[in-house]
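Single-structure report; data block below.
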Amino acid sequence: MSYEFSFPYIWGATPDLFQGLWMTLLVSLVSIAISVVLGTVCACLRLFKVPVLSQIATAYVHFMRSTPLLVQLYFIFYGLASLGLGLGGFWSGVLALSLWGGAYNTENVRGGLAAVPKGLQEAALSLGLRPALYLRLVALPIGLRVCIPAMLNTSVSVLKNSSYLQAIGVAELTFVAMNRVAMDFRTLEMFLAIGLIYLTIVLLLSAAVRRLEAVLQAPFRTA
Amino acid sequence: MERPLIEISALNKEFRGGIQALRDVDLTVASGEVVVVLGPSGSGKSTLIRCINGLETTTGGSIRVDGQQVNGISQRRWRKVRLNVGMVFQNYALFPHLNVLGNITLAPRRAGIMRRAEAEDEARRLLDMVGLADKETAPVASLSGGQQQRVAICRALAMQPKVLLFDEPTSALDPEMVGEVLAVMKRLAQEGITMICVTHEMGFARSAADRVIFMDQGEIVEMASPDNFFTAPKAERSRRFLELISRHDA
């Protein structure tokens, strides 16, 4: 028996797919934003070797990078719920993806800050700038630009890993596809369709970041 | 008599690992004075001036800047001292993400001593003085080494420091650009700005210095007027150093 591929079936599923896409984008963009901020803060704590907090940041990065995302997701969704701290699917998903991406972004930003020439800190200090101002006006603007490609990489991973959220019932793109497949067994159509959708949004995200990089190439007039 | 701007006595600096970079250094610099520090590499010249603005910690002795005891003070208090002590680095250390005007106005604005318009007017005046009036919007990466170093001098001057430290300001430059930077430094010397310059430029030392200091192995070996130092050095080590240099020049 041969499988007959049906384009009309995909066409018929578009309203569902768009709803899933919307949820995927929402969860991913919120998580990417939080992970960038979290990574930047943790990298700064480590750069300035802030007592206690920098050790916590180090342990956090090791923990997140050494355990599977799915385990982290289940821990947050089921584990915390059993302690009475249930966050619901959406926020559990956002928390897991943000913490996961934040760990990688910590390393990305740390790499970017390490690329800032040491002499600039001495120059800033000798001009009477406070360390916090040096960080904000010199080190971060330079370091974050350096690590944009690495952060894009991590952001793409966050976006793709949002498909794990189907496991805790968040109605994102993969969940929608699984649902349709369970009803109609149109496996090839649905997984091809969501594969192409993921590919498209990753390409769009990459293009947007390349644009951003080009814009940031020009030096600012003042800080 | 006016209080000296910088008073260093019995200063010692030992790096971790036991290297003695400074041994019992005594130095007093009066306001308006131009002091040139000479010596072979590794003699402690750079370490000495880096102690004056707190980029190095000290292990003994005392430093007073403008009457204030500074060795061992907290980073927070160093910040106040550094507002009066400018520094020009060997590798310029300009902020690469800012343009020329941004580099010069960053610190005066953010340290809260000038408003933006005021800082920009001052920056333009300084750029005009060093011959870079047309470069205010240029990215620093587009400038030559000599131009970058002149911008770095403007950046330090914009804070209106009481003393300017130069740490081998021409050593990283191509030979044809050394002159333009030294010309600016000579002009500042004539204008009465207090300067301590670590340099290998003997011509500058001869023509601009009020006093020459020769250091070797962490000690001040000789301190003299440039005339006396270059024509009749007293110490054996100074003589050998000058001999080596003149042989190299010939």
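Protein sequence lines correspond, in order, to chains A and B.
Under our numbering, the first sequence has 1 at position 1, and the numbering climbs by one with no breaks.
Under our numbering, the second sequence has 1242 at position 242, and the numbering climbs by one with no breaks.
Virtual Cβ for every residue (Gly too), placed ideally from N, Cα, C.
- The DSSP-derived three-state label of F18 (chain A) is helix.
- Residue contact with chain A for L1188 (chain B): absent (no Cβ-Cβ distance below 9 Å to any residue of chain A).
- According to the DSSP assignment, C1197 (chain B) belongs to no alpha helix (DSSP H) but to the beta strand (DSSP E) extending over T1194 to V1198.
- Taken through DSSP and simplified to helix, strand or coil, M23 (chain A) comes out as helix.
- Residue pairing by DSSP puts A1224 (chain B) in a beta bridge opposite B:V1212.
- Within the segment 55-89 of chain A, no beta strand (DSSP E) run of at least 3 residues lies entirely inside it.
- Per DSSP, the beta-bridge partners of Q1068 (chain B) are B:V1065.
- Unbroken alpha helix (DSSP H) stretches of 4 residues or longer found wholly inside the segment 1073-1142 of chain B: 1075-1082, 1100-1110 and 1116-1129, given in chain order.
- Per DSSP, L165 (chain A) lies in no beta strand (DSSP E) segment and is marked neither H nor E.
- Assigned with DSSP and collapsed to three states, S1009 (chain B) falls in strand.
- Contact annotation: V36 (chain A) and G112 (chain A) have beta-carbon atoms that are not nearer than 9 Å.
- Where R1050 (chain B) is concerned, there is no enclosing beta strand (DSSP E), although the alpha helix (DSSP H) around it starts and stops at K1045 to I1052.
- Residues of the same chain with a CB within less than 8 Å of the CB of A1141 (chain B), apart from the 5 flanking positions on each side, are P1096 in chain order.
- Within the segment 43-60 of chain A, not one residue has a Cβ closer than 9 Å to any Cβ of chain B.
- With distances taken between CA atoms, A57 (chain A) lies nearest to A:T40 out of A:T40, A:C147 and A:L87.
- By the C-beta criterion, the segment 1197-1206 of chain B is judged to be in contact with the segment 1171-1182 of chain B, since at least 3 inter-stretch pairs fall below 8 Å.
- In the structure shown, L97 (chain A) falls within a helical segment according to DSSP collapsed to helix, strand and coil.
- Interface annotation, R186 (chain A): not in contact with chain B, CB-CB separation never under 9 Å.
- When secondary structure is reduced to three states using DSSP, D1026 (chain B) falls in the strand class.
- The Cβ of M1087 (chain B) sits closer than 9 Å to at least one Cβ of chain A.
- In the DSSP assignment, L1164 (chain B) falls within the beta strand (DSSP E) that extends over V1163 to D1167.
- Counting every other CB atom within 10 Å of its CB across the protein chains shown gives Y78 (chain A) a total below 16, marking it as exposed.
- Under the DSSP definition of a beta bridge, V1034 (chain B) partners with B:M1195.
- Burial check for G1146 (chain B): the Cβ neighbour count within 10 Å reaches 16 or more, so the residue is buried.
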